[in-house]
Amino acid sequence: MNTPDGLRAILDDPAGAVIGLDFDGTLSPIVSDPASARIHPDGPAVLARLGGLVGAIVVITGRPAATAVEYGSLAAVPGLVVLGHYGLERWAAGTLTAPPVHPELDRVRAELDRLVSTVAGVRIEDKERAVAVHTRQAAEPQATLEALREPVAKLAAEAGLTVEPGKFVLELRPPGMDKGVALSAFLRERAARSVLFAGDDLGDLAAFAAVRASGLPGVTVFSGSAEISVAADLVVDGPPGVMELLGSIADAIERRAAGE
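When you read off a place in the sequence shown, starting at 1, and then add 12, the result is the number in this note's numbering.
This is how it looks when you write it as C-alpha cells:
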C-alpha cells in the first residue's frame, strides 16, 4: 500500500497533526442497541499513547459528548477533545460546554413515538439534543427506513430541524452544524499542519470533504463495513482496522523519535 501524502506529513511533523475520529463504527463496533456500544478493547490504550505523540486528537460524534467519553473510556487520553452532537457540544479536560436544547425537541420526540408505535422493531433513541429513529432491528431494515424517510423529513422541517441519514438511522437534530464545520473550526483553532479523519457513515462525508478543502496535507480513512461504501484515501476493516492503523502511526512516530 502506498503511503498517502497526508500520512507522511503526520509522521514527519506529529506535533502539527490533528487526528479526528468518529465514534460509532470507527472507535466502537456498530451494535443493535446504541446504549450498549463500547470502544474497541484496544482503543483507550492506543488513543492514550497516540495522544501523547501528536498535536491533538478530536472525536467528532453525533452522540452527546459525555456519552462518548463514558462509552469510550476517553477521559485519560492526553489533550483529547470530544465534539458531540456534530460539534454543538464540546468536552475537554472534564468540562462540558453546550448550547440550550432546541425548543421543539420534546414535541418531536412525542410525534416520533406516535409515528413508529405500530412499526415492529423500530426504536427511538433520545440523544438529549437530538433524536434518532433506528430501523436496524426491523424485519426489513432498509425498506422500513425508506417508508419512514418522508414523514420524518416532514416532521423535521415543521420543527426547524435537519435530518441526518445513516446506517439504518434517521437522526433529527438542530441545523447549522456538521462534522465538516466542526473539524474545519478545530483545525483553525489548533493551527494544524496536517490532518487525518476516520469515519464510517454518511455523516462523516462532510469531515472527509473538510480534510480535502483544508489545504493541509490530509488523509481520509474509511472504517469499512458491508453496509456502505465510501471513497477515502485508506480503507480499513472496521474498528479493529482503525486500531491497527492508529497503533502503526504511533509506532512509526516513536521509531523516528528514537532515530531508527
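Think of the CB as a built atom: it goes at the ideal place given N, C-alpha and C, for glycine as much as any other residue.
On a predicted model such as this, the values are computed, not experimentally measured, just so you know.
From residue i to residue j, what distance separates their C-alpha atoms?
i           : j           : result
residue 189 : residue 232 : 20 angstroms
residue 158 : residue 34  : 25 angstroms
residue 27  : residue 262 : 12 angstroms
residue 212 : residue 267 : 29 angstroms
residue 273 : residue 228 : Nothing can be reported for residue 273: it is not among the residues displayed for the chain, which extend from 13 to 272.
residue 218 : residue 239 : 19 angstroms
residue 62  : residue 258 : 7 angstroms
residue 247 : residue 253 : 9 angstroms
residue 48  : residue 174 : 26 angstroms
residue 168 : residue 57  : 40 angstroms
residue 270 : residue 198 : 30 angstroms
residue 242 : residue 221 : 12 angstroms
residue 54  : residue 255 : 7 angstroms
residue 160 : residue 152 : 12 angstroms
residue 191 : residue 30  : 14 angstroms
residue 99  : residue 201 : 14 angstroms
residue 25  : residue 251 : 25 angstroms
residue 84  : residue 50  : 6 angstroms
residue 154 : residue 194 : 29 angstroms
residue 133 : residue 237 : 22 angstroms
Do residue i and residue j have their CB atoms nearer than 8 angstroms?
i           : j           : result
residue 74  : residue 97  : yes
residue 141 : residue 187 : no
residue 38  : residue 260 : no
residue 81  : residue 87  : yes
residue 273 : residue 131 : Residue 273 lies beyond the stretch modelled for the chain, which goes from 13 to 272, so this question has no answer here.
residue 215 : residue 176 : yes
residue 103 : residue 77  : yes
residue 41  : residue 60  : no
residue 92  : residue 72  : no
residue 171 : residue 120 : yes
residue 264 : residue 23  : yes
residue 18  : residue 249 : no
Using a 10 Å radius around the Cβ and a threshold of 16 neighbouring Cβ atoms, would you call residue i buried or exposed?
i           : result
residue 164 : buried
residue 125 : exposed
residue 166 : exposed
residue 143 : buried
residue 45  : exposed
residue 13  : Low confidence applies to residue 13: its pLDDT is 43, below 50, so where it sits in the model is not reliable, and the reading given next is rough at best. When all chains shown are included, residue 13 counts as exposed.
residue 101 : buried
residue 129 : exposed
residue 32  : buried
residue 79  : buried
residue 203 : exposed
residue 21  : buried
*Evaluate the contact criterion for the region 106-115 versus the region 65-73: three or more CB pairs, one atom per stretch, below 8 angstroms.*
no
Is the number of C-beta pairs between the region 127-145 and the region 171-186 that are closer than 8 angstroms three or more? yes
Inset, instruction - Scan the region 78-149 and note each continuous beta strand (DSSP E) run of 3 residues or more that stays entirely inside, going in chain order. - result: 93-96, 101-104, 107-109, 135-138, 143-146
*Indicate whether the contact test is met: 3 or more Cβ pairs, each with one atom in the region 198-215 and one in the region 148-164, closer than 8 angstroms.*
no
Query raised in the report: Which residue spans inside the region 36-83 form an unbroken beta strand (DSSP E) run of at least 3?
Result: 68-72
Inset, instruction - Tell me the start and end of each unbroken beta strand (DSSP E) in the region 196-235 that is at least 3 residues and wholly inside, in chain order. - result: 206-211, 230-235
message = If we require 4 or more residues per run, which alpha helix (DSSP H) segments fall completely within the region 152-176?
response = 153-171
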